[in-house]
Amino acid sequence: MRRIDILAISLGIFLVGGLLYGGFKVAGLESLDAGIWSQALLVLVVFVWVGTYLFRVGTRTMTFHKQRADYEEAALQRRLDAMSPEELAQLQAEIEAAEEKSAPKK
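Okay, so the sequence shown: first residue is -4 according to my numbering, each after it adds one.
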């Protein structure tokens, strides 16, 4: 995330807090109660937001991890595309030999 994104999100949260406060006041709550409820809802929203962030970290589906995996896959595909048929056959033979070597013996 860029700094401008963080500033925009912060401004958005600030404005939502003000709108919630105003909405609670219009709904008939006193200033103190409206402030408490608007803060409580904003804290809840921030906790949920942080929770989704931690979930993405735990499942490794964050943008950086996804971009890195896509890059590695594309780099391997480019290397495979650049190989001659003889090199591909040799690679296939090496893979099969490695699989046979690592397979459990009966």
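Positions of the beta carbon are idealized from the N, C-alpha and C atoms, including for glycine.
What's the gap between the Cα of His60 and the Cα of Leu49? Distance between the alpha carbons of His60 and Leu49 is about 14 Å.
Look up Ala22 in the DSSP assignment and say whether it is helix, strand or coil. Three-state DSSP puts Ala22 in coil, outside helix and strand.
Let me know the secondary structure DSSP gives Thr58 once reduced to three states. Three-state DSSP puts Thr58 in a helix.
If we call anything under 8 Å between Cβ atoms a contact, is Ala3 one with Tyr16? When the beta-carbon positions are compared, Ala3 and Tyr16 stay at least 8 Å from each other.
Do the CB positions of Gly18 and Leu37 come within less than 8 Å of each other? Going by C-beta atoms, Gly18 is not nearer than 8 Å to Leu37.
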